[in-house]
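I have placed the structure first, in the form of structure tokens, so that the comments after it can refer back to it.
Number of protein chains: 2
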Amino acid sequence: MSIIDETSGKEASATRGAYMTLRDMILKGELPAGQKLKIERLRGLLKTGASPVREALSLLTSDMLVERIDQRGFRAAPANKANFEEILELRCTLEDLALRKSIAAATPQWEEQLILTHHRMCKSVEQDILVFEEAHKTFHMAILANSGSPVLERYCAQLYDLNIRYRNLAAGGSKYQRRDIAAEHGEILEAAVQCDADRASACLLKHYRLTGKYLGRELDA
Amino acid sequence: MSIIDETSGKEASATRGAYMTLRDMILKGELPAGQKLKIERLRGLLKTGASPVREALSLLTSDMLVERIDQRGFRAAPANKANFEEILELRCTLEDLALRKSIAAATPQWEEQLILTHHRMCKSVEQDILVFEEAHKTFHMAILANSGSPVLERYCAQLYDLNIRYRNLAAGGSKYQRRDIAAEHGEILEAAVQCDADRASACLLKHYRLTGKYLGRELDA
DNA sequence: ATTCTAATAAATATCGATATTTTTTAGACT
DNA sequence: AGTCTAAAAAATATCGATATTTATTAGAAT
Numbered sequence: 240m241s242i243i244d245e246t247s248g249k250e251a252s253a254t255r256g257a258y259m260t261l262r263d264m265i266l267k268g269e270l271p272a273g274q275k276l277k278i279e280r281l282r283g284l285l286k287t288g289a290s291p292v293r294e295a296l297s298l299l300t301s302d303m304l305v306e307r308i309d310q311r312g313f314r315a316a317p318a319n320k321a322n323f324e325e326i327l328e329l330r331c332t333l334e335d336l337a338l339r340k341s342i343a344a345a346t347p348q349w350e351e352q353l354i355l356t357h358h359r360m361c362k363s364v365e366q367d368i369l370v371f372e373e374a375h376k377t378f379h380m381a382i383l384a385n386s387g388s389p390v391l392e393r394y395c396a397q398l399y400d401l402n403i404r405y406r407n408l409a410a411g412g413s414k415y416q417r418r419d420i421a422a423e424h425g426e427i428l429e430a431a432v433q434c435d436a437d438r439a440s441a442c443l444l445k446h447y448r449l450t451g452k453y454l455g456r457e458l459d460a
Numbered sequence: 240m241s242i243i244d245e246t247s248g249k250e251a252s253a254t255r256g257a258y259m260t261l262r263d264m265i266l267k268g269e270l271p272a273g274q275k276l277k278i279e280r281l282r283g284l285l286k287t288g289a290s291p292v293r294e295a296l297s298l299l300t301s302d303m304l305v306e307r308i309d310q311r312g313f314r315a316a317p318a319n320k321a322n323f324e325e326i327l328e329l330r331c332t333l334e335d336l337a338l339r340k341s342i343a344a345a346t347p348q349w350e351e352q353l354i355l356t357h358h359r360m361c362k363s364v365e366q367d368i369l370v371f372e373e374a375h376k377t378f379h380m381a382i383l384a385n386s387g388s389p390v391l392e393r394y395c396a397q398l399y400d401l402n403i404r405y406r407n408l409a410a411g412g413s414k415y416q417r418r419d420i421a422a423e424h425g426e427i428l429e430a431a432v433q434c435d436a437d438r439a440s441a442c443l444l445k446h447y448r449l450t451g452k453y454l455g456r457e458l459d460a
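So the sequence lines, in the order shown, correspond to chains P and A.
The working numbering puts the first sequence at residues 240 to 460.
The working numbering puts the second sequence at residues 240 to 460.
Here it is as structure tokens:
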């Protein structure tokens, strides 16, 4: 592997590159919900062949970001309030579960990871919003990372992304929510480190449901 | 669509055909856990081109039945006791959740579906084991089908399949479990129809955990 | 004997072309 | 006008060939 592979954003395979780009575009709403995803168009967009595009789209069905209808192609997964609320609720349930498992199995290493990812997230607010987004996801996943159940964590990560997608879809005009997000994160961290499962869970779910309520209003429009 | 399409088992697209066949082979253990899945070999096996095979494998990644490693192909998902137990436990949690939601939202239509799928399952015991397996899954999914959360149901279906896979992997030599499965199903049905969530859940989880205990022993070998 | 390296073989990933299917369009009929 | 039907266009799905990458083998050096 050349040095370039590791430092640049360039992906190893065309399929992976297409997967990442398409995923990003769907999460950001650049490919609107429900939109038909024509191979030729994406081919042009991604400057690659039909095979990588099709394979990437097939992979994205795993993530519930793309729907595949046999013999009539792919489309960006539809979005609606019912689905949003389903995602939000299921996410709360599963994260609550994973959080409690993580805390129950707490180790010094896990604690340290929490502190670290939280710190990085705090610092990243000064930087580009994308850097913060990344750090934000990393922190939230770190909380669940000690659950001992990779499948559960996978589901949580999936639901996290789906939720972010709705945030991006809804955040059309209105300004970013003016809440003290930093304080909320701090409280979650504190409770988790203290192994206070009930408080950590309560904070976490409040954190999600507040954002959810805000987004729910946006989606009505 | 010709008449043949609807009556024969022949799939509409090569990709879907490959997907179904491969899925079946992995669930049945014909493609052993961890095994490398070489495109050329599968191409020969399924008598189709490389593209449908690759696409089918990409789709199977969703179901956690296939692992994809960039630039070095696909392999059947590994199987081990830890994963089995994780699947079993998560399945119990999620099905409990879905069952309670289903019961909470009970409708006459749902009840009737339960009765119907249960009846079909009972009848199917006389027929081929594969017919029973299909009916068994249909019954279990019908129980959860009223949860109002398609995503949750999707996860449950996924975990169901993964569990079945372990059953098939473990059932190498030993005879089929000699329990009164029919009675267990009957009890679940009865409790569900009566909207007794606690009893239904208890029955369901006992049903799963008994099978799980049995399979766990097999997997030690 | 063991590790390193170059050459070879094998397998994956990708492309471009073509067959198949679906969708659209335009004309005929009621 | 509103359907139905046939032809044309567009898009999907698939194939066969090739480029790229990884894995294997055999020989050289320590």
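Using N, Cα and C, we set each Cβ at its ideal position, and we do this for glycine too.
Local conformation of residue i per DSSP, three classes
i       : result
A431(A) : helix
V390(P) : helix
V222(P) : A question about residue 222(P) goes unanswered here, because the residues of chain P that appear run from 240 up to 460.
A410(P) : coil
K277(P) : coil
G248(A) : In this prediction, G248(A) has a pLDDT of 45, which is less than 50 and means its spatial position is unreliable; nothing more can be read from the coordinates.
R359(A) : helix
A316(P) : coil
A396(P) : helix
R282(A) : helix
Q310(A) : coil
E365(P) : coil
E423(A) : helix
P347(A) : helix
T300(A) : helix
L270(P) : coil
Short CB-CB distance (under 7 Å) between residue i and chain P
i       : result
V390(A) : yes
A251(A) : yes
L443(A) : no
Pairwise C-alpha distance: residue j and residue i
i       : j       : result
A344(P) : R448(P) : 26 Å
Q310(P) : S252(A) : 7 Å
K275(P) : A422(A) : 48 Å
R456(A) : E429(P) : 41 Å
N319(P) : I265(P) : 15 Å
L355(P) : P389(P) : 21 Å
I243(A) : T332(A) : Per-residue confidence for I243(A) stands at a pLDDT of 32, beneath the threshold of 50, marking its modelled position as unreliable; the derived number appears in the next sentence. About 42 Å.
T450(P) : L329(P) : 15 Å
E426(P) : K340(P) : 19 Å
G283(P) : E269(P) : 15 Å
E365(A) : L444(A) : 26 Å
L296(P) : V305(P) : 7 Å
I403(P) : G256(P) : 21 Å
D335(A) : N385(P) : 23 Å
R359(P) : I368(P) : 13 Å
G412(A) : A396(A) : Any reading at G412(A) is ruled out, since the residue's pLDDT is 49, under 50, leaving its predicted position unreliable.
K468(P) : Y399(P) : Chain P is shown only over 240 to 460; residue 468(P) falls outside these bounds and no answer can be derived.
L299(A) : V292(A) : 11 Å
A337(A) : E392(A) : 7 Å
E373(A) : A410(P) : 44 Å
Span of the beta strand (DSSP E) around residue i
i       : result
V305(A) : 305-307
R418(A) : First-last for R418(A): undefined, no H or E at that position.
Where the alpha helix (DSSP H) containing residue i begins and where it ends
i       : result
A436(P) : 436-459
R262(P) : 253-267
R339(A) : 320-343
A381(A) : 368-383
Residue i at chain A interface by Cβ criterion, 7 Å
i       : result
S440(P) : no
Residue i Cβ short of 6 Å to the ligand ZN heavy atom set
i       : result
V390(A) : Only the bare structure without any ligand can be found here, which leaves the ligand ZN out of the picture.
* Members of the region 324-347 of chain P near chain A, C-beta cut-off 8 Å -> Along the region 324-347 of chain P, going in chain order, the ones with a CB nearer than 8 Å to a CB of chain A are E325, I326, E328, L329, T332, L336.
* Going along the chain, which residues of the region 393-408 of chain A sit with their C-beta nearer than 7 Å to a C-beta in chain P? -> Residues are counted here when their Cβ sits less than 7 Å from a Cβ of chain P; for the region 393-408 of chain A these are Y394, given in chain order.
* Report the residues of the region 291-319 of chain P with a CB closer than 9 Å to any CB of chain A, ordered along the chain. => So the list reads R293, E294, A295, L296, S297, L298, T300, S301, D302, M303, R307, D309, Q310, given in the order they occur along the chain.
* To do: Give the residues from the region 249-282 of chain A that approach chain P closer than 7 Å (Cβ to any Cβ), ordered along the chain.
  => Cβ contacts with chain P: A251, S252, R255.
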